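To start, the structure itself, in structure tokens.
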Amino acid sequence: MRLTPAWLTLAACLLLPWMARAGDAPVRIGSKQFTESVILGELATVTARRAGAAVTYRPQLGGTRILWQALRDGDIDVYPEYTGTITHDLLKDLPADAGIDALRARLKPLGIGITDALGFDNTYAIGMRADEAGRLGIARISDLAKHPELRFGFSNEFMDRDDGWPGLRRRYALPQTQVNGMEHVLAYRALASGAVDATDVYSTDADILYYHLRTLDDDRHYFPRYQAVYLYRLALERSAPDFVAALRKLAGRIDADAMRRMNAAVKLQGRPESAVVADFLGVPVRAARGGFWPRLLRRSIEHVELVAVSLGLAVLLAIPLGVLAARLQRLGQLVIGLTGILQTVPSLAMFVFMIPLFGIGAGPAIAALFLYSLLPIVRNTHAGLAGIAPELRESAAALGLPPGVRLRRVELPLAMRSILAGIKTAAVINVGTATLAALIGAGGYGQPILTGIRLDDIGLILQGAVPAALLALLVQGIFEAVEHWLTPRGLRLEARL
Amino acid sequence: MPGPEAAASVAFAIDHASKHYGNVCALDGLSLDFPTGTTTALIGSSGSGKSTALRLLLGLEWPDRGQVRIDGEVLRPAHVLALRQRVGYVIQEGGLFPHLSALGNLALLPRHLGWDMARIRARAGALADFAHLPRAALERYPAELSGGQRQRVALIRALMPDPDALLLDEPLGALDPIVRHELQEELKSIFDELGKTVILVTHDLAEAAWFAERLVLMRRGKVVQDGRYEDLRDHPADTFAERFVKAQRRLPEAAR
């Protein structure tokens, strides 16, 4: 598919989610962005393989909402989840302490099944540097109330969710005002460097050991239980019954200590998730897919495909829109205003908005990048056409050329440089923004960046960031050459005068 | 070849035309006839409405009130393309398209009309000789041509489809005096040879008198005086006409 023309690729990207829903595709497993979820996803993947099911694994797809939506839409079949998240975020009508049987009954009408608890809780805890906590004499969360000067850096999800910071602050009447949201993995580094004093941690995090943190005692029992489980589509019980049976057998097999060790093996020792999971299951490690160069090539193809398809489609729509905008003043303002508003939607939000429409993977990423590409091209097409000297416009009209011929032979060539500059801007922005596409399973250079951030591995981050930067420069260079080549010689001569 | 034998021509008429741009009145009930085969100069100061009158004739502007007739038929938007294709129009500085070579400029309309490149080249070459433009200049871009050459190319572009009439809006306005003088001579002989309806807009009385038997002096969108140069000089219709003539008389007298 990768080598077929862009059009076919696009059609495939758009149709894939529906086709996948209809046919008997392999079991698709997803996981959230943090290491434990990636490990549990890998565990389900190996389990599926051992049960003889064809399987594809899309690690670190995003946050809870994205995974839940993808499961409900049938874009994935299985992902690891926590009971507390289900009762607090996903099915709010259930009591917070609902047992797994209650969850199972509630999920069944949705076509979703749930395994029994895997054997460990990953609940929220508040962590501080052990030396700092010792100095201030803080052992319990209620002790924090005596130190209003402390600065908190919480993961964005914790900041927003009901069972996160807002509820914690109420339960313990916490007075702190310096509270900021940040990426979970960055919060640890902020904590280590002293930029914040406390953060939310997960009780099985390897980082607790690595950063020498003290987890504060939840003396008022605020945090609910977060038992690890797998959620899966009930349809699997028909299409892959052996796998479902094997998945259910994982229940009770992983205690908190086992989980923490697996987390540490990945995060602290830098071992691949597949190896850690293979060790845990006592099976041989499956050879990793390709070396550095094949991997880079695959990511490059994915990345270029995202940029090229979205940009190509944007050009097809944006140039006519820009022409229309230049022709009809009112409509023009509306079009430029609307595309401008699209531009202000934060990138990650844009990607997430596309999921209900296009599922996960390249489809929504291309749709989001397409929308981002519109404004620079529409605006520059409009500006290029509006900037044509009135006497030239009138000369073309006075010659007796019909409007279409005028546009093709006179106006578009005169606006060409501006239009190309718009396309170039869109392309360079796209190369950068496309790194976020990995968050919704579209691959590309964002994949190693995402994994690198998660594992705190600068080398891995550079494996994505350096090629992305080089690609941006290459795109810039290519467009400058195209610009030189497509700009009529007469205009270049004129510019020199 | 362009020549007297190709003397199909157009009669233009403006009937009671008014045109406002916001509060500014460009034309105020203007009526003018331009019979076939005549050469007329519209003169007046800037803002007198002379350019607007010319643009009405090509449907580049439409009057708020009144109408334009072409060979007796009222001009409608649907006729405009066909009309423009049979009328040559030349503006100050030529209005050449900078992204096309001189030949590319000349070829625009003929290509749309379905001419092949050989016919376009032959016609362009013949007109270049006729307008004293070196043939080599046809391969150059506007930015590589002198002001006089650009104006010649603009004239050739207007003549390419062998138009039935020529409308010129300050065609020599941007040229230096020597080139301008030279082109005045050439244009005059071209007009005489073609024998088509020619309407020329200029603010230069001497130039108008050089080209046209009939001078129409305009002010504030109305005709002040319509007649020969001698009538204007010897019997100005009002004090404005008198001042206009006097102001121009200080220039070195152009021979007539």
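Chains as they are written, first to last, in this note's numbering: chain A, 1 to 497; chain B, 1001 to 1256. All C-beta atoms in this analysis are idealised placements derived from N, C-alpha and C, irrespective of residue type, glycine included. Predicted model only: the values in this text are computed from it and were never measured.
| Asked | Found |
| --- | --- |
| Alpha-carbon spacing of V1153(B) relative to L1133(B), whole angstroms | 8 Å |
| Contacts of S1101(B) in chain A (Cβ-Cβ under 9 Å) | R489, G490 |
| Whole alpha helix (DSSP H) elements within the stretch 83-155 of chain A, 4-residue minimum | 100-107, 130-136 |
| Local conformation of Q1225(B) per DSSP, three classes | strand |
| Run of the alpha helix (DSSP H) containing F1034(B), from where it starts to where it stops | F1034(B) -> not in any alpha helix (DSSP H); beta strand (DSSP E) instead, spanning 1024-1034. |
| Same chain, Cβ closer than 6 Å to R499(A), five either side skipped, listed in chain order | Because chain A spans 1 through 497 in this model, residue 499(A) falls outside it and cannot be assessed. |
| Beta carbon proximity, L410(A) to chain B, threshold 8 Å | Here residue 410(A) turns out to be Val, not Leu, going by the sequence shown. Yes, contact with chain B. |
| Same chain, Cβ closer than 6 Å to D1033(B), neighbours up to 5 away in sequence not counted | A1013 |
| Simplified DSSP state of T1052(B), which is helix, strand or coil | helix |
| Contact with chain B by E505(A), beta-carbon distance below 8 Å | It is not possible to answer for residue 505(A), since the shown part of chain A is limited to 1 through 497. |
| Within 7 Å of chain A by C-beta, residues of the stretch 1119-1151 of chain B in sequence order | Y1141, P1142, A1143, E1144 |
| Local conformation of L1205(B) per DSSP, three classes | helix |
| P376(A) - DSSP class collapsed to helix/strand/coil | helix |
| CB-CB length for P1098(B) against M1160(B), believed under 8 Å | No, P1098(B) and M1160(B) are not in contact; Cβ-Cβ is about 19 Å, not under 8 Å. |
| Unbroken alpha helix (DSSP H) run spanning H1112(B), endpoints | 1102-1112 |
| Same chain, Cβ closer than 7 Å to T1036(B), neighbours up to 5 away in sequence not counted | S1009, V1010, A1011, T1197 |
| Straight-line Cα distance separating D197(A) from T115(A) | 37 Å |
| Best match in T56(A), R454(A), S395(A), Y79(A) for proximity to L234(A) [C-alpha to C-alpha] | Y79(A) |
| Sub-8 Å separation of I355(A) and I440(A) beta-carbons | yes |
| For D218(A), three-class secondary structure by DSSP | coil |
| Residue from L231(A), Q178(A), R299(A) with nearest C-alpha to E81(A) | L231(A) |
| Three-state class that DSSP yields for A256(A) in the structure shown | helix |
| Residue from D1176(B), R1065(B), D1164(B) whose Cα sits closest to the Cα of R1150(B) | D1176(B) |
| Cβ of E42(A) within 8 Å of any chain B Cβ | no |
| Candidates D89(A), A427(A), R129(A), H221(A): closest to L191(A) by CA position | R129(A) |
| Euclidean distance between Cα positions of P5(A) and A308(A) | Any reading at P5(A) must be qualified, since the residue scores a pLDDT of 48, below 50, and its modelled position is unreliable; the value itself is stated next. The straight-line gap from Cα to Cα measures roughly 11 Å. |
| P1098(B) at chain A interface by Cβ criterion, 8 Å | yes |
| Proximal residues of chain B, C-beta to C-beta of G400(A) below 7 Å | L1081, R1084, Q1085, L1109 |
| Exposed unless 16 or more other CB atoms sit within 10 angstroms - verdict on A125(A) | buried |
| Endpoints, the alpha helix (DSSP H) within which S395(A) is located | 390-398 |
| Among Q176(A), L168(A), A367(A), A133(A), nearest to V149(A) - alpha-carbon criterion | First, the amino acid is wrong: residue 149(A) is Glu here, not Val. Minimum Cα distance to E149(A) is reached at Q176(A). |
| Extent of the continuous beta strand (DSSP E) to which S300(A) belongs | That residue, S300(A), is in no beta strand (DSSP E); its alpha helix (DSSP H) goes 292-327. |
| C-alpha gap between H1235(B) and M416(A), whole angstroms | 56 Å |
| Rounded separation between W1115(B) and A1017(B) - CA only | 37 Å |
| Best match in L324(A), D143(A), A472(A) for proximity to N380(A) [C-alpha to C-alpha] | L324(A) |
| Residue from G153(A), I377(A), R214(A), E273(A) whose Cα sits closest to the Cα of R189(A) | G153(A) |
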